[in-house]
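Note sheet for the following structure.
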Amino acid sequence: MACISPDGKPTESGSKMLRALKAGSGSPEEIAKEAGLPLFRVRSGLRELAEAGLAKQKGDSYELSEEGAKLIK
Amino acid sequence: MEEIKEQTGHMPRIGEPAPVFEAVTTHGKLKLEDFKGSWLILFSHPADFTPVCTTEFIAFSEIYPELQKRGVELLGLSVDSVSSHIAWVRNVEEKTKVKIPFPIIADLNKEVSMDYGMIHPGQSKTETVRCVFIIDPNQIIRTILYYPLTTGRNMDEILRIIDALQTTDKNAVATPANWRLGDMVVVPSPNTQEMAEERLKQGYECTDWYLCKKKL
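First to last, the protein sequences are chains A and B.
Sequential numbering from 4 applies to the first sequence in the numbering used here.
Sequential numbering from 118 applies to the second sequence in the numbering used here.
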């Protein structure tokens, strides 16, 4: 897991993506720009965050889930 | 013949869509489609903790900033485990101070290696040879290079190919032998006698009607 550590906490890149999502839903391209991460990392990371229930996919965009929001309070 | 085909898997060709994959890497699970919109250099190496491969990884890391300027991502591959890859890149950083910034596929089950024809049994039945696949933003294979186990790759040539592909795509021209960025490019050959005569009046540098060059 690149975005979530074995202890369930987001990694540095995972936290960057969650913080970018906190500003509102966005496309992987927008989140990559906001988080300062390569687009391929963001695409795979968002998939991972969504599988873990920390983000939700809506069409081509993503938004923070309630669970994800709790992690970056 | 069938046995060799079984051992080598599919042999992709330039102009074909790159075989799709989902693979475990040092940067997490990645799919080919994650790279859509970027150029991608997918390259294989025989094994971690080997001398020629180590020099290549350092060299790939050194050209990484130049590749980034050109919108190119790098993705390594070998049949070693992800733990081996992590240990190796950490060792390279510790011993040489060079950080490996790109992901490496841990192709333990050889799935990606077989789909890309990276195992050449005449060289090794268990390791991938030194392959380079240059894949464009539409995920079409544009260049394939194979190097033997004993010969490290030439980074200048890889950068030169990227520059040539991007230049020819943008300007509908071709590049002559030993071309470098900034050199004159080759104007496509004319298809009719009329076009052949017209092009001689267009101010190109022509050796003859079929070989004309221009500055971009």
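Cβ coordinates follow ideal geometry from the N, Cα and C atoms, glycine included.
Here the region 191-206 of chain B does not lie against the region 269-279 of chain B, with fewer than 3 beta-carbon pairs under 8 Å apart.
If you look at B/Phe-250, you'll find it in the beta strand (DSSP E) that goes 247-252. Here B/Tyr-263 carries a strand assignment [DSSP, helix/strand/coil]. At a cut-off of 8 Å between C-beta atoms, A/Pro-41 counts as an interface residue with respect to chain B. Residues of chain A with a Cβ closer than 8 Å to the Cβ of B/Leu-147 are, in chain order, Phe-43 and Ser-47. Per the C-alpha coordinates, the member of B/Val-302, B/Ser-161 and B/Trp-156 positioned closest to B/Thr-142 is B/Ser-161. With a minimum length of 3 residues, the unbroken runs of beta strand (DSSP E) contained wholly in the region 194-238 of chain B fall at 221-223. For A/Ala-5, at least one C-beta of chain B is nearer than 8 Å to its own C-beta. The straight-line gap separating the alpha-carbon atoms of A/Arg-44 and B/His-144 is approximately 8 Å. B/Ala-140: member of the beta strand (DSSP E) spanning 139-142, first to last residue.
In the structure shown, the three-state DSSP call for B/Leu-317 is coil.
A straight line joining the alpha-carbon of A/Arg-22 with that of A/Ala-38 spans about 8 Å. Annotation for B/His-127: Pro-136, Met-231, Asp-232, Tyr-233 and Gly-234 place their beta carbon closer than 8 Å to its own, counting only its chain and skipping 5 residues before and after. Sequence-distant partners of B/Gln-256 (beyond 5 residues in either direction) whose C-beta falls short of 7 Å from its own C-beta, in its chain, are Pro-134, Ala-135, Leu-149 and Lys-153. DSSP places A/Ser-30 outside any alpha helix (DSSP H), giving it a letter other than H or E. The beta carbons of B/Pro-305 and B/Trp-156 sit no closer together than 8 Å. The way I'd put it, the region 308-320 of chain B doesn't touch the region 282-297 of chain B; fewer than three beta-carbon pairs between them come closer than 8 Å.
Beyond the five residues adjoining it in sequence on each side, B/Leu-191 comes within less than 7 Å, by CB distance, of Ile-158, Phe-177, Tyr-181, Leu-184 and Phe-219 in the same chain, given in chain order. Listed along chain B are Gly-145 and Lys-146, each with a C-beta nearer than 9 Å to that of A/Glu-51. In the DSSP annotation of this structure, the continuous segment of the beta strand (DSSP E) that includes A/Gln-60 starts and ends at 58-61. The C-beta of B/Gly-154 comes closer than 8 Å to at least one C-beta of chain A. Shown here, B/Pro-129 sits in coil according to DSSP, grouped into three states, outside any helix or strand. Ranked by how close their Cα comes to the Cα of B/Phe-166, the residues B/Pro-293, B/Val-209, B/Asp-300 and B/Cys-329 have B/Val-209 in first place. When the alpha-carbon of A/Leu-57 is set against those of A/Arg-46, A/Lys-73 and A/Ser-47, the nearest one is in A/Lys-73. By a beta-carbon distance limit of 8 Å, B/Thr-245 contacts B/Pro-163. Their separation comes to about 6 Å.
Within the DSSP secondary-structure output, B/Gly-145 pairs in a beta bridge with B/Thr-142 and B/Thr-143.
For B/Glu-190, the C-beta contacts it makes with chain A under 9 Å involve Pro-41, Leu-42 and Phe-43, in order along the chain. With contacts defined by Cβ atoms closer than 8 Å, B/Gly-193 and B/Ile-221 form a contacting pair. At a cut-off of 8 Å between beta-carbon atoms, B/Asp-325 makes no contact with chain A. In this structure, DSSP gives A/Lys-12 a state outside helix and strand, which the three-state scheme calls coil. Closest by C-alpha distance to B/Gly-239, out of B/Leu-225, B/Ile-217 and B/Pro-265, is B/Pro-265.
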